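Asker: According to the working numbering, the stretch in the sequence shown is residues 39 to 286, in order.
Backbone N, C-alpha and C fix where the C-beta goes; we use that ideal spot for every residue, glycine too.
Keep in mind that this is a model prediction, so the values were computed, not measured.
A single structure is presented below for examination.
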Amino acid sequence: MKLNFAKAVLTTVVASTLYLGNYSVDESSYINEDNDYTLSEIVKKLGNFGVNSASANVEVIVVTGERIPAPKFVPRIRSFAAGGVSFGENDESTAREEEAQREVACQRFEENNQPVGCFRAPNPLDLLPNGCSAPRAEDLTGVARALFEQIEPVVDFTNDFFESQCNDHDRCYTSLGASKIDCDVGFRVNLNRRCVGAAQAGISRTACEGAAGLYVGAVIALGGEAFTTAQANSACSAYIIERNKRRC
C-alpha cells in the first residue's frame, strides 16, 4: 500500500523532533525527499528517530434509548406559498394548516385596519332602502320653493309613485365605492322614465317631472351626509361580515 502523504507525515514528525532538540537539520534532511513509502518503510524511518511505537485511546460512546420515529406525513411544498407553513397530508395536519392560513388571512382584520368609526356592526336596517322622503317646503328656497307650492299635492302623490326609484337610489348610496354624483344623475334619469306613465296614474307628465326635479334637487343639495353615512355603514358591515366569516 503506497502512502503519498508519507512525506508530510515524516516532515511533521521530524519537525517536532527537531523542535525538541534531539536532531540537527542536517541529520533529518535525508528523509525530505519526494518519494512514496510503504507503511513498513514509514515505521522503519520513524524508528530511526527513536519513535518505536505509538498508541491511542479510543473512547467508545454507547447510545441508549429509542430511535426517533419517521415522520407520519410528507410536507407539501406547494402549501408554503399560501399559508406560510405546511403541516402535511393527514387529517390533523390539514386542520392545522387551515388554521395557519386563517391566521394569515386574519391579519388584515386587526383592529388598526378596520374602517374608521367601525367599532360595532351597524344596524342592518340602516343599509336597507326605505323608499322616498318627499321634499319639505322648509328645505327649499327660491324657484324650488315656488314650484313645490304649485305642485305640492303631486309631490305627496309621487312619494309612493317614485318608491322603486328612491329605493334604487338608496342602494346606490350604500354600494361601496359608489359616486354620489353618479347616483344622483341616475336617480334623475329613472324618475323621468317613471314620469312617462304618469298620465295613467292620474297626473300630468309635466307635473310629474317637476316633482322629480324637486326630489333630485333635494338629494343633490342635502344628501351629502346621508351618502357619507351610507358608505361608512356599508364599509363597516362588509368588514365585520368578512371577519366573522373567517372566524377572526
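(1) So which of S171, V100 and L166 has the shortest CA-CA distance to T5?
(2) If you scan the segment 194-225 from start to end, which runs of the alpha helix (DSSP H) of 4 or more residues do you find wholly inside it?
(3) Our contact map puts C144 next to C286 with C-beta atoms below 8 Å; I'd like the distance itself, whole angstroms only.
(4) Would you kindly report the start and end of the unbroken alpha helix (DSSP H) that includes R243?
(5) Quick one: residues in its chain with C-beta nearer than 7 Å to the C-beta of N205, no 5 flanking neighbours on either side, listed in chain order?
(6) Since I believe R243 is in contact with A237 (beta carbons under 8 Å), could you give me their beta-carbon distance rounded to a whole number of angstroms?
(7) For S272, which residues of its own chain have a beta-carbon under 8 Å away from its beta-carbon, when the five flanking residues on both sides are left out?
(8) From I278 to V254, what distance separates their C-alpha atoms?
(9) Take D220 as the anchor and find which of V193, F199, I258 and F157 has the nearest alpha-carbon.
(10) To the nearest angstrom, how far is it from the Cα of A245 to the Cα of A216?
(11) Given that a residue counts as buried once 16 or more other Cβ atoms are within 10 Å of its Cβ, and exposed if not, what is A239?
(12) Run through DSSP, which three-state label would T266 get?
(13) Let me know the secondary structure DSSP gives L166 once reduced to three states.
(14) Tell me which residues share the same chain as P160 and place their Cβ nearer than 6 Å to its Cβ, disregarding the 5 neighbours each side in the sequence.
(15) Does the beta-carbon distance from A256 to F200 come in below 9 Å?
(16) Are the beta-carbon atoms of F147 and E280 separated by less than 9 Å?
(17) Starting from the Cα of L260, find the closest Cα among V100, P153, K218 and C233 and give me that residue.
(18) Report buried or exposed for R226, applying the criterion of at least 16 other Cβ atoms within 10 angstroms of its Cβ.
(19) What residue from R140, G262, A138 and Q269 has the CA that sits closest to R209's CA?
(20) Note down the Cα distance separating S202 from L229, rounded to an integer number of angstroms.
(21) In three-state DSSP terms, what is P191?
(22) What does the Cβ neighbour count give for D222, buried or exposed, with the cut at 16 atoms within 10 Å?
Answerer: Checking against the coordinates, here is how it stands:
(1) Nothing about residue 5 can be read from this structure; the chain reaches only from 39 to 286.
(2) 201-211
(3) 4 Å
(4) R243 to L260
(5) P167 and G169
(6) 6 Å
(7) L165, T212, S213 and L214
(8) 33 Å
(9) I258
(10) 30 Å
(11) exposed
(12) helix
(13) coil
(14) N271, C274 and S275
(15) no
(16) yes
(17) K218
(18) buried
(19) Q269
(20) 9 Å
(21) helix
(22) buried
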